[in-house]
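Enquirer: Have a look at the structure that comes next, please.
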Amino acid sequence: GVDDPDISLPALYELTRRFSAEFAIRPFLLEYPDHTLALLENWADDQDQHVRRLVSEGSRPRLPWGRRLHFLIEDPSPLLPLLEKLRNDPEEYVRRSVANNLNDIAKDNPDVVVNLCRRWLKGASNDRKRLVRHALRSLIKQGHAGALELLGFGPPEVEVISFTGPKRAMIGTKIQLELSLRSTCNYRQNLVIDYALHSPGANGRTNRKVFKWRTTKIEAGEGLKIRHTHSFRPVSTRPTRPGTYLFELLINARSSGEHQLVLGE
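Residue numbers (our numbering): 1123 to 1387.
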């Protein structure tokens, strides 16, 4: 058990070659962090892919259904040497776990992950590029400017001609947003078009949630017109309250326009 790390950790080493042990190792990381992290650094060079994967999967700060490793959520720096060792692992199974670990870190320390991925992308192989894309997935979904720029979505050079929708709607209905824009540069651009909905929250607070819209390319001087349907149907995970809603247009994570709507019951 946890009270006998000198016996239990070698046992986990043997077990992980036959079964999954990423949950079992977490109590040791919490109870004996320095000792366990040093052992994981040795295991990162192991010949067995399952042992190498345990290094990255077992140390994930926010492993689903596992105990959170709060000391690594606060300071992920002890993880970085482990992930550096595994970033070029020959097994996709291991590299995918490295990406999942970075995705966990990004939820609390986004700049740490963006800076690391920026360095990893220099002269990167296709395997490394896939790893980085998977590692940045939550930041991309959130519209993180640094993460988007790493994947080729830099500051947009566009003119927003119009960003419109109805001024009033009722809970339970759907509305349509319309966007018209034009490229103002002389080369093709990659665009990620999203919108953030600022909505009334509990206790007078305002909630903000990013919704995906369109990922596209636009040629020099080209125009683009797109529509999107947004539903105000109540869902159990996100209460829909009456009040003023603000749709904030995001192009490559840059705020590029807004539309306001009053929602009634």
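By construction, the Cβ of each residue, glycine as well, lies at the ideal position given by its N, Cα and C atoms.
Nothing here was measured: the structure is a model prediction, and the numbers come from that model.
Considering only C-alpha positions, which residue in the set Arg1174, Arg1190, Ser1181, Val1384 is nearest to His1320?
Expert: When each option's Cα is compared against that of His1320, the closest is Val1384.
Enquirer: Have a look at Phe1407 and Phe1285 and give me their C-alpha separation to the nearest angstrom.
Expert: No statement about residue 1407 is possible, as the shown extent of the chain runs from 1123 to 1387 and does not include it.
Enquirer: With three or more beta-carbon pairs closer than 8 Å as the criterion, would you say the segment 1332-1339 touches the segment 1221-1232?
Expert: Contact between the segment 1332-1339 and the segment 1221-1232 is absent, because fewer than three Cβ pairs lie under 8 Å.
Enquirer: Is Gln1311 buried or exposed, if buried means 16 or more other CB atoms sit within 10 Å of its CB?
Expert: Under this definition Gln1311 is a buried residue.
Enquirer: Comparing C-alpha positions only, which one of Gly1365, Ala1257, Ala1267, Cys1307 sits nearest to Asn1329?
Expert: The option with the nearest alpha carbon to Asn1329 is Gly1365.
Enquirer: Is it the case that the Cβ atoms of Ser1178 and Asn1237 are separated by a distance below 8 Å?
Expert: Not closer than 8 Å, so no.
Enquirer: Quick one: what's got a C-beta closer than 6 Å to Arg1363's C-beta in the same chain, skipping five residues either side?
Expert: So the qualifying residues of the chain are Pro1322.
Enquirer: Can you check which of these residues, Ile1373, Gln1264, Gly1326, Pro1127, is closest to Asp1156 by C-alpha distance?
Expert: When only C-alpha atoms are compared, the closest one is Pro1127.
Enquirer: Given this structure, state the Cα-to-Cα distance separating Glu1387 from Ser1302, to the nearest angstrom.
Expert: Going from the Cα of Glu1387 to the Cα of Ser1302 covers about 30 Å.
Enquirer: So, at 8 Å on beta carbons, what are the nonlocal neighbours of Met1292 in its own chain, with the 5 sequence-adjacent residues on each side left out?
Expert: Phe1354, Leu1385, Gly1386, Glu1387.
Enquirer: Under 8 Å Cβ to Cβ from Lys1339, same chain only, skipping five residues before and after it: list those, please.
Expert: Closer than 8 Å at Cβ, skipping near neighbours: Arg1310, Gln1311, Asn1312, Leu1313.
Enquirer: Measuring CA to CA, which of Ile1348, Glu1344, Ala1324 is closest to Tyr1317?
Expert: The shortest C-alpha separation from Tyr1317 is found at Ile1348.
Enquirer: For the segment 1372-1381 and the segment 1261-1277, state whether three or more C-beta atom pairs, one from each stretch, are separated by less than 8 Å.
Expert: Judged by Cβ distances under 8 Å, the segment 1372-1381 makes contact with the segment 1261-1277, as three or more pairs qualify.
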